[in-house]
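Structure first, then comments.
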Amino acid sequence: MDFEIGPGLLNESVLWTILWSDVLIFFLVGAITFFILSLKKNPQNRERWRQVFSTRLGMSTFVIIMAYVAIALVDSVHFRKALPSIPSAAQGQNSEQVFYSNQVNSLLDLALGEMGEMPERTYSAPFALKSWNKENLLLPNGERVRDYPKLAYGGSHLDNPEDFSSDIFINSLPGIAKGLAIALLFIGLHALWLKKNGSSTANLQWRSGWITFAIIMAVLGWLVTMGNLYHVLGTDQAGNDTLYESLKGIRTGVLIGTLATLITMPIAITLGLAAGYFKGWIDDVVQYIYTTLISIPGLLLIAASVLLFQVWINNNPDFFEVGLEKADAKFLALCFILGITSWTTLCRLLRAETLKISQLDYVQAAHAFGVSHFQIIKRHILPNLSHIIIISFVLDFSALVLAEAVLSYIGVGIDPAMASWGNMINMASTELSREPGIWWNLCGAFFLMFTLVLSVNLFSDLVNDAFDPKTRLESA
Amino acid sequence: MLTYIIRRLFYAIPILIGVNLLTFVLFFIVNTPEDMARAHLGDKYVTEQAIQDWIADKGYDQPLFFNGAADGFNRLTETVFFNKSVKLFAFDFGASDEGRNIQSDVVDRMGPSLALALPTFLIGIWVNITVALMVLMFRGSRLDRFAVGVFVTLMSVSYLFYIIIGQHFMAKISRLVPVSGFNDGIDGWRFLILPILIGTIAGIGAGSRWYRSLFIEVSGQDFARTARAKGVSEAGVLFRHILPNAMLPILTGVVVVIPTLFMGSLVMESFFSIPGLGSYLLDAIRAQDFAIVRAMVFLGSVLYIIGLILTDISYTWADPRVRLS
Numbered sequence: 001m002d003f004e005i006g007p008g009l010l011n012e013s014v015l016w017t018i019l020w021s022d023v024l025i026f027f028l029v030g031a032i033t034f035f036i037l038s039l040k041k042n043p044q045n046r047e048r049w050r051q052v053f054s055t056r057l058g059m060s061t062f063v064i065i066m067a068y069v070a071i072a073l074v075d076s077v078h079f080r081k082a083l084p085s086i087p088s089a090a091q092g093q094n095s096e097q098v099f100y101s102n103q104v105n106s107l108l109d110l111a112l113g114e115m116g117e118m119p120e121r122t123y124s125a126p127f128a129l130k131s132w133n134k135e136n137l138l139l140p141n142g143e144r145v146r147d148y149p150k151l152a153y154g155g156s157h158l159d160n161p162e163d164f165s166s167d168i169f170i171n172s173l174p175g176i177a178k179g180l181a182i183a184l185l186f187i188g189l190h191a192l193w194l195k196k197n198g199s200s201t202a203n204l205q206w207r208s209g210w211i212t213f214a215i216i217m218a219v220l221g222w223l224v225t226m227g228n229l230y231h232v233l234g235t236d237q238a239g240n241d242t243l244y245e246s247l248k249g250i251r252t253g254v255l256i257g258t259l260a261t262l263i264t265m266p267i268a269i270t271l272g273l274a275a276g277y278f279k280g281w282i283d284d285v286v287q288y289i290y291t292t293l294i295s296i297p298g299l300l301l302i303a304a305s306v307l308l309f310q311v312w313i314n315n316n317p318d319f320f321e322v323g324l325e326k327a328d329a330k331f332l333a334l335c336f337i338l339g340i341t342s343w344t345t346l347c348r349l350l351r352a353e354t355l356k357i358s359q360l361d362y363v364q365a366a367h368a369f370g371v372s373h374f375q376i377i378k379r380h381i382l383p384n385l386s387h388i389i390i391i392s393f394v395l396d397f398s399a400l401v402l403a404e405a406v407l408s409y410i411g412v413g414i415d416p417a418m419a420s421w422g423n424m425i426n427m428a429s430t431e432l433s434r435e436p437g438i439w440w441n442l443c444g445a446f447f448l449m450f451t452l453v454l455s456v457n458l459f460s461d462l463v464n465d466a467f468d469p470k471t472r473l474e475s476a
Numbered sequence: 477m478l479t480y481i482i483r484r485l486f487y488a489i490p491i492l493i494g495v496n497l498l499t500f501v502l503f504f505i506v507n508t509p510e511d512m513a514r515a516h517l518g519d520k521y522v523t524e525q526a527i528q529d530w531i532a533d534k535g536y537d538q539p540l541f542f543n544g545a546a547d548g549f550n551r552l553t554e555t556v557f558f559n560k561s562v563k564l565f566a567f568d569f570g571a572s573d574e575g576r577n578i579q580s581d582v583v584d585r586m587g588p589s590l591a592l593a594l595p596t597f598l599i600g601i602w603v604n605i606t607v608a609l610m611v612l613m614f615r616g617s618r619l620d621r622f623a624v625g626v627f628v629t630l631m632s633v634s635y636l637f638y639i640i641i642g643q644h645f646m647a648k649i650s651r652l653v654p655v656s657g658f659n660d661g662i663d664g665w666r667f668l669i670l671p672i673l674i675g676t677i678a679g680i681g682a683g684s685r686w687y688r689s690l691f692i693e694v695s696g697q698d699f700a701r702t703a704r705a706k707g708v709s710e711a712g713v714l715f716r717h718i719l720p721n722a723m724l725p726i727l728t729g730v731v732v733v734i735p736t737l738f739m740g741s742l743v744m745e746s747f748f749s750i751p752g753l754g755s756y757l758l759d760a761i762r763a764q765d766f767a768i769v770r771a772m773v774f775l776g777s778v779l780y781i782i783g784l785i786l787t788d789i790s791y792t793w794a795d796p797r798v799r800l801s
């Protein structure tokens, strides 16, 4: 979907391109926020969330996860720049006509500056000034030598290669300072707000959150500043900046986690509730459906479906205007398939729990009073299932992010046109065995992925402790 | 007992029919045989005749469910559905789109898959339970919290990363073992030791954590508390009271996995070029050989259902209170 916006915004006319996944990610983040806010009305749930955020670990990991989500959101506002008009060619056609670049950019690209537009010829090491491979060079005096050529962008602002280390030091300071300044501004505003109406949020570990936020912003500030001068994490085979690619992979990782889990939720909740509450033939049908799905090896079903969809895309190229839309469609299909194949566990849990709850006295009493099924489900059953839903959401998320990498390796993952950690790790397995080995692609993807998954895992542990009645009983 | 097993086997039939229908619909509603032929023969420079030949050759030229042109019983049997899907029930896998006999391929490749998966599985369980028990001895202490932290960290690392790094350092840098390959005889252990090691290490995080929480749950029950109150040592409680009583949930997790061992590990086998079922499947997926994928999906489901039945049976000898009826 494309929307044209005339001159005035961003100083040039820009074609806002909305990918389906963009719409979904904003919708989903909104839905999750709404869900959590609606839970806050329940004093019991509020107490549980308070328990999560009154630990330092809970607050810090939450801030890290939110940083990832924020980057993913910023990376989900896409546009295509207008191409500069060519005066000589304009004679034959309407000069008002503006053509747009086939390159789809996002707001994240703007924030990162030139980082994505510094292509080298091929591999280069982190902070390198020269290429990784020797090439035949033509010296100014006409002599041909075989040597490492200078990089086109990495460190090209240096007049003298010996200034290298002092240049890094000099440029690091303002980078970190910029990041810290923005962080301090936000922290200050938040602190002011807390002072005014913060009585209800006392004894939460705000300080840990602030420190984490300041560290993230300082690191980001440094990375953006240095990334525009050097290739902080080197470049990959095609000469793209590895740091840029890894950062672009955040959107894919976050999206696949949220989207696939969110697709499972409505299916699992509806079917699980229906089976557990109404019993009888509905229960039989639901059980049959999920047993059938469970019996199929998950990876196989996913691989087969993705392959089929791939064939369909190849046969219907007219549906997609730019390459990224095709990649986006494939990506959505992947999320959808992942969702369809992974609702069964949650459904089974919810069914069992509903069976148990619907036998309880107060539900029986509600029946006797003639309360409608819908009201009973809404008032008595659904709230008692919320802990299972929340726990399984956070648990599934990290599993899906990891699954993406494996799927990409198998060749049924994200389209290569879309930056993803899975594709990077997949490439890295051959790069590492080169002589000398290339390790920075693997490291870049690994580090960002590891931080996200680790934060989510640690956070989900805390959520589990706070919400799972079993662990609550034990600690009491 | 026997009647129970027979009844369970009968229950399996509708599920297998469901699996079969689902895969069939997946393969034939979304894409026509022409699409499949094109995917196989290459996209651009293929003649219409070649496509039709391919379709006729592979038997995709029949109607999907009902053949009006045939007579009698053949109306149902001379269809794509019967030839490609129903025959799977008789374990007649037919030929792959490449023309190889799938059944003999599967039989050939089962051995290497098991040679890799079985040791990984057994060593994995042993290591995970040992680690979990060791951690449990220090329950509540700083060491315990540290160990849980390590488990979560190990869990957060991608499986691919374990393989890539393990292969790089163990095989390429230190040259302790061959990088990849497989050998049928006793001599083949050299090729298997690295994948088994990596598979075990990659599983420690999630596995040990799971066993730890399992043991904690059991240890909260009355008999464990009574044993402690009687003055039984912590180790005694662990090994004589908690471990035997945790057998049931351990079995639930373990027996169900056994049949999937035949399927091998998709990623591991292809990384170490072990000619097992996992890499067979992966190659089929990459070559878009739908006949193989369909047969393997069916086989996988059969094995899974067998695993479920085995789990139930194993309950009876793990816990005498369980009666199957």
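Line by line, the protein sequences give chains A and B.
The first sequence lines up with residues 1 to 476 when you count with this note's numbering.
The second sequence lines up with residues 477 to 801 when you count with this note's numbering.
No residue lacks a Cβ here, since even glycine has one placed at the ideal position from N, Cα and C.
The structure displayed is predicted, hence computed values, not measured ones.
Membership of A:Thr430 in any beta strand (DSSP E) is not indicated; the residue belongs instead to the alpha helix (DSSP H) covering 421-431.
Here DSSP, grouped into helix, strand and coil, assigns B:Ala571 to strand. Cβ-Cβ distances below 7 Å link A:Lys150 to Leu129, Lys130 in the same chain, with the five nearest sequence neighbours on each side left out; the list follows chain order.
Each of A:Leu400, A:Asn384, A:Gly249 was checked against the Cα of A:Leu360, and the nearest Cα belongs to A:Asn384.
Look at A:Lys196 here: in three-state DSSP terms it is helix. In chain order, Trp686 place their CB closer than 8 Å to the CB of B:Gly729, counting only its own chain and leaving out the 5 sequence neighbours on each side. With fewer than 16 other beta carbons inside 10 angstroms of its own, A:Arg46 counts as exposed. Under the 8 Å Cβ criterion, the region 587-599 of chain B counts as touching the region 734-753 of chain B, having at least three qualifying pairs. By a beta-carbon distance limit of 8 Å, A:Gly272 does not contact A:Arg379. Their separation comes to about 18 Å. Taking a Cβ-Cβ threshold of 9 Å, the residues of chain B close to A:Ile410 are Leu742, Val743, Ser746, Leu758, Ile761, Arg762, in chain order.
When beta bridges are read from the DSSP output, A:Ala82 appears opposite A:Tyr100. Pairing B:Phe715 with A:Ile294, the inter-Cα distance amounts to about 34 Å. Within the region 771-798 of chain B, contact with chain A at the beta-carbon level (separation under 7 Å) is assigned to Met772, Val773, Gly776, Ser777, Tyr780, Ile781. Taking a Cβ-Cβ threshold of 9 Å, the residues of chain A close to B:Lys648 are Leu432, Ser433, Gly437, in chain order.
Apart from the 5 residues on each side of it in sequence, A:Leu107 sits with its Cβ closer than 6 Å to the Cβ of Val74, Val77 in its chain, given in chain order.
With fewer than 16 other CB atoms across the displayed protein chains lying within 10 angstroms of its CB, B:Arg621 is exposed. In the three-state scheme derived from DSSP, where H, G and I count as helix and E and B as strand, A:Lys130 is classed as strand. Residue pairing of A:Glu117 in beta bridges, as defined by DSSP: absent, with no partner found. A:Leu442 has a beta carbon lying within less than 8 Å of a beta carbon in chain B. One alpha carbon belongs to A:Leu158, the other to A:Ala111, and they sit about 24 Å apart. One alpha carbon belongs to A:Thr292, the other to B:Val495, and they sit about 6 Å apart. Distance from the CA atom of B:Ile578 to the CA atom of A:Trp343, rounded to whole angstroms, is 32 Å. In the three-state DSSP reduction, B:Trp665 falls in the helix class (H, G or I). Here A:Phe319 is exposed, its C-beta having fewer than 16 other C-beta atoms within 10 Å. Boundaries of the alpha helix (DSSP H) around B:Asp620: 618-631. Contact of A:Ala405 with chain B by beta-carbon distance below 7 Å involves Ser634, Leu636. A:Gly209 places its beta carbon less than 8 Å from that of A:Ser60.
Taking a cut-off of 8 Å for Cβ pairs, the region 773-782 of chain B and the region 678-698 of chain B do not touch, as fewer than three such pairs fall below it. Ranked by Cα distance from A:Lys279, the first of A:Ser358, A:Leu247, A:Pro174, A:Ile65 is A:Ser358. As DSSP reads the structure, A:Ser106 sits in a beta bridge with A:His78. Among the residues of the region 447-463 of chain A, those with a Cβ less than 9 Å away from any Cβ of chain B are Met449, Phe450, Thr451, Leu452, Val453, Leu454, Ser455, Val456, Asn457, Leu458, Asp461, in the order of the chain.
Here A:Leu180 is near A:Gly221, since their CB atoms are less than 8 Å apart. Think of a sphere of 9 Å around the beta carbon of B:Val495: the chain A residues whose beta carbon falls inside it are Thr292, Leu293, Ser295, Ile296, in chain order. When the beta-carbon positions are compared, A:Val463 and A:Val29 stay at least 8 Å from each other.
Across the structure, A:Leu349 and A:Thr122 are spaced so that their CA atoms are roughly 51 Å apart. Straight across, the Cα-Cα distance linking B:Gln643 with A:Tyr148 is about 30 Å.
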